[in-house]
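So the structure is just underneath, and the comments pick up after that.
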Amino acid sequence: MILTELTRRYRSRPWWDAFVALGFFGVALVLYASNLYAISPENQLPLWLLVSQSGVLCVAQMFRRKAPLAMLAVAAGILLADLAYNLTLPVIMVFVDLLFNATLSTTRRASRMILAIAVTVVVTIAIVVGVLAGDWRKGFFALQGVFSLLIIPVWWSFNIRQHDELLQAERESSRQLRRIAELDRRTAVVAERGQMARDLHDVVAGHLSAIAIQSEALLSMADRDPQVVRTVLKSVRENSIQSLAEMRAMIEVLRADGGDDDPRTAPARLAELDRLVDSARAGGLVLDVHRAVGDELPVAVDLAAYRIIQEALTNALKHSGGGGATVDVRVAGGRLIIEVVNDLSGTPGAGDGTGTGLVSMRERAYAVGGDFEAGPWSGGWRVRAALPVGGAAS
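For the record, in the sequence shown the residue sitting at position 132 is 132 according to full-length UniProt numbering, with numbers rising by one throughout.
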(Lines of atoms letter the chains of each structure in order from A and count residues from 1; the text may use other names and numbers.)
(Lines give C-alpha, C1' and ligand atoms only; values in the text may rest on other atoms or scores of the structure.)
Protein backbone atom coordinates (compact mmCIF):
# COMPACT_ATOMS: atom_id res chain seq x y z
CA MET A 1 0.00 0.00 0.00
CA ILE A 2 2.88 2.39 0.74
CA LEU A 3 4.46 1.75 -2.65
CA THR A 4 1.06 2.17 -4.30
CA GLU A 5 0.51 5.54 -2.64
CA LEU A 6 4.02 6.73 -3.51
CA THR A 7 3.51 5.67 -7.11
CA ARG A 8 0.17 7.48 -7.27
CA ARG A 9 1.73 10.69 -5.97
CA TYR A 10 4.61 10.32 -8.40
CA ARG A 11 2.22 9.91 -11.33
CA SER A 12 0.31 13.04 -10.36
CA ARG A 13 3.40 15.20 -11.02
CA PRO A 14 4.48 14.81 -14.66
CA TRP A 15 7.33 17.30 -14.31
CA TRP A 16 9.07 14.76 -12.07
CA ASP A 17 9.84 12.64 -15.14
CA ALA A 18 12.80 14.84 -16.01
CA PHE A 19 14.23 14.54 -12.49
CA VAL A 20 13.72 10.77 -12.48
CA ALA A 21 15.37 10.43 -15.87
CA LEU A 22 18.35 12.50 -14.75
CA GLY A 23 18.50 10.42 -11.58
CA PHE A 24 18.67 7.18 -13.56
CA PHE A 25 21.33 8.67 -15.80
CA GLY A 26 23.37 9.72 -12.77
CA VAL A 27 23.14 6.22 -11.28
CA ALA A 28 24.23 4.77 -14.61
CA LEU A 29 27.31 7.04 -14.70
CA VAL A 30 28.22 5.99 -11.17
CA LEU A 31 27.91 2.30 -12.11
CA TYR A 32 30.01 2.83 -15.24
CA ALA A 33 32.68 4.73 -13.32
CA SER A 34 32.89 2.04 -10.62
CA ASN A 35 32.80 -0.80 -13.17
CA LEU A 36 29.76 -2.35 -11.45
CA TYR A 37 27.35 -2.10 -14.36
CA ALA A 38 27.78 -5.48 -16.12
CA ILE A 39 26.16 -8.77 -15.13
CA SER A 40 29.24 -10.59 -16.44
CA PRO A 41 32.76 -9.18 -16.94
CA GLU A 42 32.94 -10.72 -20.43
CA ASN A 43 32.21 -9.00 -23.75
CA GLN A 44 31.89 -5.49 -22.35
CA LEU A 45 30.96 -2.68 -24.74
CA PRO A 46 33.01 0.53 -25.05
CA LEU A 47 32.24 3.10 -22.40
CA TRP A 48 31.11 5.75 -24.89
CA LEU A 49 28.54 3.33 -26.33
CA LEU A 50 27.24 2.49 -22.86
CA VAL A 51 26.86 6.17 -21.97
CA SER A 52 25.16 6.82 -25.33
CA GLN A 53 22.53 4.11 -24.82
CA SER A 54 21.92 5.39 -21.28
CA GLY A 55 21.39 8.86 -22.74
CA VAL A 56 18.83 7.50 -25.21
CA LEU A 57 17.04 5.71 -22.38
CA CYS A 58 17.06 8.94 -20.36
CA VAL A 59 15.29 10.75 -23.21
CA ALA A 60 12.82 7.86 -23.47
CA GLN A 61 11.96 8.29 -19.81
CA MET A 62 11.25 11.99 -20.31
CA PHE A 63 8.61 11.19 -22.97
CA ARG A 64 7.18 8.04 -21.42
CA ARG A 65 3.85 9.71 -20.50
CA LYS A 66 3.22 11.08 -23.99
CA ALA A 67 4.14 7.87 -25.85
CA PRO A 68 4.46 4.99 -23.36
CA LEU A 69 4.34 2.15 -25.88
CA ALA A 70 6.81 3.82 -28.25
CA MET A 71 9.28 4.49 -25.43
CA LEU A 72 8.89 0.89 -24.24
CA ALA A 73 9.71 -0.31 -27.75
CA VAL A 74 12.88 1.84 -27.75
CA ALA A 75 13.93 0.39 -24.39
CA ALA A 76 13.17 -3.15 -25.55
CA GLY A 77 15.37 -2.67 -28.64
CA ILE A 78 18.26 -1.37 -26.53
CA LEU A 79 17.76 -4.27 -24.09
CA LEU A 80 18.01 -6.83 -26.92
CA ALA A 81 21.13 -5.14 -28.30
CA ASP A 82 22.64 -5.02 -24.83
CA LEU A 83 21.74 -8.68 -24.24
CA ALA A 84 23.67 -9.70 -27.37
CA TYR A 85 26.89 -8.57 -25.74
CA ASN A 86 26.53 -8.35 -21.98
CA LEU A 87 23.44 -7.36 -20.03
CA THR A 88 24.00 -4.18 -18.00
CA LEU A 89 22.22 -2.93 -14.88
CA PRO A 90 21.38 0.61 -16.13
CA VAL A 91 19.56 -0.82 -19.14
CA ILE A 92 17.65 -3.28 -16.94
CA MET A 93 16.57 -0.54 -14.50
CA VAL A 94 15.25 1.79 -17.18
CA PHE A 95 13.53 -1.02 -19.10
CA VAL A 96 11.71 -2.21 -15.96
CA ASP A 97 10.57 1.35 -15.24
CA LEU A 98 9.31 1.90 -18.81
CA LEU A 99 7.59 -1.50 -18.83
CA PHE A 100 5.81 -0.65 -15.59
CA ASN A 101 4.79 2.80 -16.89
CA ALA A 102 3.54 1.48 -20.24
CA THR A 103 1.39 -1.19 -18.59
CA LEU A 104 -0.04 1.34 -16.15
CA SER A 105 -0.58 4.28 -18.52
CA THR A 106 -2.13 2.61 -21.56
CA THR A 107 -5.60 1.20 -22.03
CA ARG A 108 -6.66 -2.01 -20.33
CA ARG A 109 -6.60 -3.84 -23.66
CA ALA A 110 -3.03 -2.74 -24.37
CA SER A 111 -2.00 -3.70 -20.83
CA ARG A 112 -3.38 -7.20 -21.34
CA MET A 113 -1.44 -7.49 -24.59
CA ILE A 114 1.75 -6.48 -22.76
CA LEU A 115 1.05 -9.12 -20.10
CA ALA A 116 0.44 -11.80 -22.73
CA ILE A 117 3.68 -10.92 -24.53
CA ALA A 118 5.62 -10.92 -21.25
CA VAL A 119 4.30 -14.36 -20.26
CA THR A 120 5.06 -15.75 -23.72
CA VAL A 121 8.63 -14.42 -23.62
CA VAL A 122 9.25 -15.78 -20.12
CA VAL A 123 7.99 -19.28 -20.95
CA THR A 124 9.83 -19.34 -24.30
CA ILE A 125 13.16 -18.30 -22.76
CA ALA A 126 12.83 -20.87 -19.98
CA ILE A 127 12.14 -23.67 -22.49
CA VAL A 128 14.89 -22.61 -24.90
CA VAL A 129 17.50 -22.33 -22.15
CA GLY A 130 16.49 -25.69 -20.69
CA VAL A 131 16.64 -27.43 -24.07
CA LEU A 132 19.92 -25.86 -25.24
CA ALA A 133 21.68 -26.41 -21.93
CA GLY A 134 20.29 -29.90 -21.53
CA ASP A 135 19.59 -29.09 -17.90
CA TRP A 136 16.10 -28.07 -16.77
CA ARG A 137 17.52 -26.56 -13.62
CA LYS A 138 19.23 -23.90 -15.72
CA GLY A 139 15.93 -23.33 -17.47
CA PHE A 140 14.27 -22.88 -14.08
CA PHE A 141 16.90 -20.34 -13.02
CA ALA A 142 16.43 -18.51 -16.33
CA LEU A 143 12.69 -18.53 -15.67
CA GLN A 144 13.24 -16.87 -12.30
CA GLY A 145 15.44 -14.15 -13.74
CA VAL A 146 13.21 -13.31 -16.68
CA PHE A 147 10.14 -13.52 -14.45
CA SER A 148 11.61 -10.83 -12.19
CA LEU A 149 12.47 -8.71 -15.21
CA LEU A 150 9.13 -8.91 -17.06
CA ILE A 151 6.29 -10.26 -14.92
CA ILE A 152 6.80 -8.44 -11.61
CA PRO A 153 6.64 -4.89 -13.13
CA VAL A 154 3.51 -5.85 -15.09
CA TRP A 155 1.87 -7.41 -12.01
CA TRP A 156 2.71 -4.35 -9.93
CA SER A 157 1.17 -2.00 -12.50
CA PHE A 158 -2.02 -4.12 -12.65
CA ASN A 159 -2.23 -3.99 -8.87
CA ILE A 160 -1.94 -0.19 -8.81
CA ARG A 161 -4.45 0.14 -11.66
CA GLN A 162 -6.93 -1.95 -9.68
CA HIS A 163 -6.44 0.22 -6.59
CA ASP A 164 -6.94 3.37 -8.68
CA GLU A 165 -10.13 2.04 -10.24
CA LEU A 166 -11.54 1.04 -6.85
CA LEU A 167 -10.65 4.44 -5.43
CA GLN A 168 -12.26 6.21 -8.39
CA ALA A 169 -15.40 4.08 -8.03
CA GLU A 170 -15.60 4.90 -4.32
CA ARG A 171 -15.18 8.61 -5.02
CA GLU A 172 -17.88 8.52 -7.68
CA SER A 173 -20.17 6.60 -5.35
CA SER A 174 -19.51 9.16 -2.63
CA ARG A 175 -20.31 12.01 -5.03
CA GLN A 176 -23.54 10.30 -6.07
CA LEU A 177 -24.54 9.77 -2.43
CA ARG A 178 -23.85 13.44 -1.69
CA ARG A 179 -25.97 14.46 -4.69
CA ILE A 180 -28.82 12.20 -3.59
CA ALA A 181 -28.60 13.51 -0.03
CA GLU A 182 -28.69 17.10 -1.30
CA LEU A 183 -31.68 16.37 -3.54
CA ASP A 184 -33.46 14.69 -0.64
CA ARG A 185 -32.72 17.67 1.57
CA ARG A 186 -34.02 20.13 -1.03
CA THR A 187 -37.13 18.02 -1.59
CA ALA A 188 -37.77 17.88 2.14
CA VAL A 189 -37.30 21.65 2.45
CA VAL A 190 -39.71 22.31 -0.43
CA ALA A 191 -42.28 19.92 1.04
CA GLU A 192 -41.91 21.46 4.48
CA ARG A 193 -42.31 24.97 3.08
CA GLY A 194 -45.43 23.90 1.21
CA GLN A 195 -46.85 22.32 4.36
CA MET A 196 -46.08 25.43 6.41
CA ALA A 197 -47.68 27.65 3.75
CA ARG A 198 -50.85 25.56 3.74
CA ASP A 199 -51.04 25.47 7.52
CA LEU A 200 -50.44 29.21 7.81
CA HIS A 201 -53.10 29.94 5.23
CA ASP A 202 -55.62 27.58 6.84
CA VAL A 203 -55.03 28.89 10.37
CA VAL A 204 -55.01 32.63 9.71
CA ALA A 205 -56.96 33.25 6.50
CA GLY A 206 -60.33 32.23 7.89
CA HIS A 207 -60.17 34.50 10.91
CA LEU A 208 -58.78 37.45 8.98
CA SER A 209 -61.46 37.06 6.31
CA ALA A 210 -64.14 37.04 9.00
CA ILE A 211 -62.64 40.15 10.58
CA ALA A 212 -62.54 41.94 7.21
CA ILE A 213 -66.14 41.03 6.36
CA GLN A 214 -67.43 41.97 9.81
CA SER A 215 -65.53 45.25 9.73
CA GLU A 216 -67.05 46.06 6.36
CA ALA A 217 -70.51 45.25 7.70
CA LEU A 218 -69.84 47.38 10.76
CA LEU A 219 -68.97 50.38 8.61
CA SER A 220 -72.23 50.01 6.70
CA MET A 221 -74.36 49.93 9.87
CA ALA A 222 -72.48 52.42 12.03
CA ASP A 223 -75.58 54.65 12.32
CA ARG A 224 -77.99 51.82 13.06
CA ASP A 225 -78.77 49.66 16.08
CA PRO A 226 -75.96 50.00 18.66
CA GLN A 227 -76.71 46.49 19.88
CA VAL A 228 -75.96 45.02 16.44
CA VAL A 229 -72.77 47.05 16.25
CA ARG A 230 -71.75 45.79 19.67
CA THR A 231 -72.41 42.18 18.61
CA VAL A 232 -70.32 42.56 15.47
CA LEU A 233 -67.47 44.17 17.40
CA LYS A 234 -67.55 41.31 19.87
CA SER A 235 -67.28 38.82 17.01
CA VAL A 236 -64.39 40.79 15.50
CA ARG A 237 -62.59 40.71 18.83
CA GLU A 238 -63.17 36.97 19.24
CA ASN A 239 -61.84 36.24 15.76
CA SER A 240 -58.81 38.44 16.39
CA ILE A 241 -58.03 36.70 19.68
CA GLN A 242 -58.52 33.26 18.15
CA SER A 243 -56.32 34.14 15.17
CA LEU A 244 -53.54 35.33 17.48
CA ALA A 245 -53.90 32.22 19.63
CA GLU A 246 -53.64 29.88 16.66
CA MET A 247 -50.69 31.85 15.29
CA ARG A 248 -48.90 31.51 18.62
CA ALA A 249 -49.74 27.80 18.66
CA MET A 250 -48.22 27.38 15.21
CA ILE A 251 -45.05 29.20 16.27
CA GLU A 252 -44.80 26.94 19.32
CA VAL A 253 -45.23 23.90 17.09
CA LEU A 254 -42.36 25.07 14.88
CA ARG A 255 -40.19 25.62 17.94
CA ALA A 256 -41.14 22.30 19.54
CA ASP A 257 -39.01 19.17 19.12
CA GLY A 258 -41.90 17.32 17.49
CA GLY A 259 -42.39 14.78 20.28
CA ASP A 260 -45.54 12.71 20.03
CA ASP A 261 -46.56 13.63 23.58
CA ASP A 262 -46.30 17.38 23.02
CA PRO A 263 -49.87 18.76 23.03
CA ARG A 264 -48.77 21.77 20.99
CA THR A 265 -48.05 19.55 17.99
CA ALA A 266 -51.46 17.85 18.04
CA PRO A 267 -53.16 18.56 14.69
CA ALA A 268 -56.73 19.79 14.35
CA ARG A 269 -59.30 16.99 13.96
CA LEU A 270 -62.91 16.65 12.88
CA ALA A 271 -63.77 16.34 16.56
CA GLU A 272 -63.22 20.12 16.70
CA LEU A 273 -65.67 20.77 13.87
CA ASP A 274 -68.20 22.34 16.24
CA ARG A 275 -65.75 25.08 17.19
CA LEU A 276 -65.12 25.74 13.51
CA VAL A 277 -68.86 25.92 12.80
CA ASP A 278 -69.45 28.28 15.72
CA SER A 279 -66.73 30.59 14.44
CA ALA A 280 -68.30 30.67 10.96
CA ARG A 281 -71.75 31.34 12.38
CA ALA A 282 -70.35 34.14 14.50
CA GLY A 283 -69.07 35.67 11.26
CA GLY A 284 -72.63 35.87 9.94
CA LEU A 285 -72.82 32.64 7.95
CA VAL A 286 -76.04 30.64 8.26
CA LEU A 287 -74.85 27.03 8.48
CA ASP A 288 -76.61 23.69 8.24
CA VAL A 289 -74.32 20.82 9.27
CA HIS A 290 -74.87 17.09 8.61
CA ARG A 291 -72.21 14.84 10.12
CA ALA A 292 -72.23 11.03 10.05
CA VAL A 293 -68.65 10.08 10.82
CA GLY A 294 -67.24 7.70 13.38
CA ASP A 295 -64.26 8.40 15.57
CA GLU A 296 -61.85 5.96 13.90
CA LEU A 297 -60.37 7.90 10.99
CA PRO A 298 -56.76 7.83 9.78
CA VAL A 299 -54.91 10.77 11.28
CA ALA A 300 -53.83 12.20 7.92
CA VAL A 301 -57.37 11.96 6.53
CA ASP A 302 -58.83 13.48 9.70
CA LEU A 303 -56.47 16.47 9.49
CA ALA A 304 -57.01 16.93 5.74
CA ALA A 305 -60.79 16.82 6.16
CA TYR A 306 -60.72 19.44 8.91
CA ARG A 307 -58.52 21.80 6.87
CA ILE A 308 -60.64 21.37 3.73
CA ILE A 309 -63.83 22.21 5.63
CA GLN A 310 -62.09 25.15 7.31
CA GLU A 311 -60.98 26.61 3.97
CA ALA A 312 -64.35 25.94 2.33
CA LEU A 313 -66.14 27.79 5.14
CA THR A 314 -63.66 30.65 4.83
CA ASN A 315 -64.50 30.96 1.14
CA ALA A 316 -68.21 30.70 1.91
CA LEU A 317 -67.88 33.49 4.46
CA LYS A 318 -66.15 35.66 1.85
CA HIS A 319 -68.56 35.14 -1.02
CA SER A 320 -71.96 34.21 0.40
CA GLY A 321 -72.75 37.76 1.49
CA GLY A 322 -74.40 36.61 4.71
CA GLY A 323 -76.26 33.83 2.92
CA GLY A 324 -76.53 30.18 3.81
CA ALA A 325 -74.24 27.18 3.51
CA THR A 326 -74.47 23.46 4.16
CA VAL A 327 -71.75 21.11 5.37
CA ASP A 328 -72.20 17.39 4.74
CA VAL A 329 -69.59 14.96 6.11
CA ARG A 330 -70.17 11.21 5.79
CA VAL A 331 -68.46 7.90 5.09
CA ALA A 332 -69.59 5.93 2.05
CA GLY A 333 -67.89 3.13 0.15
CA GLY A 334 -64.68 3.33 2.17
CA ARG A 335 -64.29 7.05 1.49
CA LEU A 336 -64.90 10.13 3.57
CA ILE A 337 -67.19 12.40 1.55
CA ILE A 338 -67.03 16.13 2.27
CA GLU A 339 -69.44 18.54 0.61
CA VAL A 340 -69.68 22.24 1.39
CA VAL A 341 -72.29 24.16 -0.63
CA ASN A 342 -72.83 27.88 -0.16
CA ASP A 343 -74.84 30.66 -1.75
CA LEU A 344 -73.16 33.31 -3.90
CA SER A 345 -74.04 36.92 -3.21
CA GLY A 346 -73.08 38.10 -6.69
CA THR A 347 -70.89 40.82 -5.17
CA PRO A 348 -67.23 40.45 -4.15
CA GLY A 349 -66.47 39.97 -0.53
CA ALA A 350 -63.64 41.44 1.44
CA GLY A 351 -60.35 40.87 -0.23
CA ASP A 352 -59.69 39.63 -3.75
CA GLY A 353 -59.55 35.87 -4.18
CA THR A 354 -56.18 34.51 -5.33
CA GLY A 355 -57.10 30.84 -5.63
CA THR A 356 -54.66 29.89 -2.88
CA GLY A 357 -57.41 28.28 -0.85
CA LEU A 358 -58.52 26.03 -3.72
CA VAL A 359 -54.92 25.00 -4.36
CA SER A 360 -54.43 24.23 -0.68
CA MET A 361 -57.59 22.10 -0.50
CA ARG A 362 -56.69 20.21 -3.66
CA GLU A 363 -53.16 19.50 -2.41
CA ARG A 364 -54.46 18.22 0.92
CA ALA A 365 -56.93 15.88 -0.81
CA TYR A 366 -54.33 14.55 -3.25
CA ALA A 367 -51.77 14.10 -0.46
CA VAL A 368 -53.91 11.37 1.14
CA GLY A 369 -54.89 9.77 -2.18
CA GLY A 370 -58.27 11.44 -2.48
CA ASP A 371 -60.20 13.39 -5.09
CA PHE A 372 -61.21 17.03 -5.10
CA GLU A 373 -63.47 19.24 -7.17
CA ALA A 374 -64.86 22.73 -6.77
CA GLY A 375 -67.10 24.84 -8.95
CA PRO A 376 -70.54 26.41 -9.52
CA TRP A 377 -73.46 24.37 -8.26
CA SER A 378 -77.20 25.24 -8.51
CA GLY A 379 -76.66 28.97 -8.37
CA GLY A 380 -74.06 28.67 -5.65
CA TRP A 381 -70.66 27.11 -5.13
CA ARG A 382 -69.78 23.57 -4.14
CA VAL A 383 -66.59 22.09 -2.72
CA ARG A 384 -66.45 18.28 -2.75
CA ALA A 385 -63.65 16.00 -1.57
CA ALA A 386 -63.52 12.21 -1.31
CA LEU A 387 -60.77 10.89 0.96
CA PRO A 388 -59.96 7.17 1.41
CA VAL A 389 -60.50 5.90 4.95
CA GLY A 390 -59.88 2.19 4.54
CA GLY A 391 -61.84 0.27 7.13
CA ALA A 392 -63.30 3.30 8.88
CA ALA A 393 -67.03 3.07 9.40
CA SER A 394 -69.68 5.60 10.11
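The beta-carbon is built from N, C-alpha and C at its ideal position, and this holds for glycine as well.
Around Thr106, the same chain offers Pro68, Leu69 as residues with beta carbons nearer than 7 Å, after the five sequence neighbours per side are excluded. Its chain contains Ala102, Thr103, Val154 as the residues whose beta carbon lies nearer than 7 Å to that of Ile114, once the 5 sequence neighbours on both sides are disregarded; these appear in chain order. DSSP, read as helix, strand or coil, puts Gly375 in strand. Residue ranges of uninterrupted alpha helix (DSSP H) with 4 or more members, entirely inside the segment 258-339 and ordered along the chain, are 273-282, 299-319. Annotation: the continuous beta strand (DSSP E) that includes Leu387 extends over 380-388. Setting aside the 5 residues that flank it on each side, Val286 is surrounded in the same chain by Gly324, each with a C-beta closer than 6 Å to its C-beta; the list follows chain order. Inter-residue distance for Phe158 and Ala118 is about 13 Å (C-alpha atoms, whole angstroms). By the neighbour-count criterion, in which 16 or more other beta carbons inside 10 Å mark a residue as buried, Glu311 falls on the buried side. Here the segment 353-371 makes no contact with the segment 175-189; the two share fewer than three CB pairs at distances below 8 Å.
Contact between the segment 121-128 and the segment 87-95 is not established, with fewer than three Cβ pairs separated by less than 8 Å. In the DSSP assignment, Asn101 falls within the unbroken alpha helix (DSSP H) covering 89-105.
The beta carbon of Ala374 sits closer than 6 Å to those of Leu358, Val383, all from its chain and outside the five residues before and after it, given in chain order. For Leu29, the uninterrupted alpha helix (DSSP H) run begins and ends at 16-34, by DSSP.
For the pair Trp377 and Leu177, the Cα-to-Cα distance works out to about 51 Å. Cβ neighbours of Ala316 within its own chain (closer than 7 Å, five residues either side excluded): Leu285, Ala325, Val340, Asn342.
According to the DSSP assignment, Val59 belongs to the alpha helix (DSSP H) that extends over 47-62. Per DSSP, the unbroken alpha helix (DSSP H) holding Ser360 starts and ends at 356-367. Residue environment: Arg335 is assigned as buried (16 or more neighbouring CB atoms within 10 Å of its CB, all protein chains considered).
Between Gly369 and Ala385, the gap from beta carbon to beta carbon reaches 8 Å or more. Nearest C-alpha to Phe25 among Leu80, Leu79, Val94: Val94. In the DSSP assignment, Asn342 is bridged to Ala325, Trp381. Look at Asn159 here: in three-state DSSP terms it is helix.
Between Ala60 and Ala75, the C-beta spacing is below 8 Å. Residue environment: Met71 is assigned as buried (16 or more neighbouring CB atoms within 10 Å of its CB, all protein chains considered). If the five residues before and after Ala305 are omitted, its C-beta is found closer than 8 Å to the C-beta atoms of Leu270, Leu297, Val329, Leu336, Ile338, Ala385, Leu387, all from its own chain and listed in chain order. Per DSSP, Tyr37 is not a residue of any alpha helix (DSSP H), being assigned neither H nor E.
Shown here, Ala67 sits in coil according to DSSP, grouped into three states, outside any helix or strand. For Gly145, the secondary structure class from DSSP, reduced to helix, strand or coil, is helix. Around the C-beta of Phe19, fewer than 16 other C-beta atoms lie within 10 Å, and the residue is accordingly described as exposed. Note that the C-beta distance between Ile309 and Ala365 is not below 8 Å. The closest CA to that of Ala33, considering only Ala21, Val389, Leu47, Leu22, is found on Leu47. Taking all protein chains shown into account, Gln144 has fewer than 16 neighbouring C-beta atoms within 10 Å of its C-beta and is therefore exposed. Short of 6 Å from the beta carbon of Leu313, and not among the five residues preceding or following it, lie these beta carbons of its own chain, in chain order: Ala280. With a cutoff of 8 Å on beta-carbon distance, Val146 and Val122 are scored as near each other. The DSSP-derived three-state label of Gly370 is coil.
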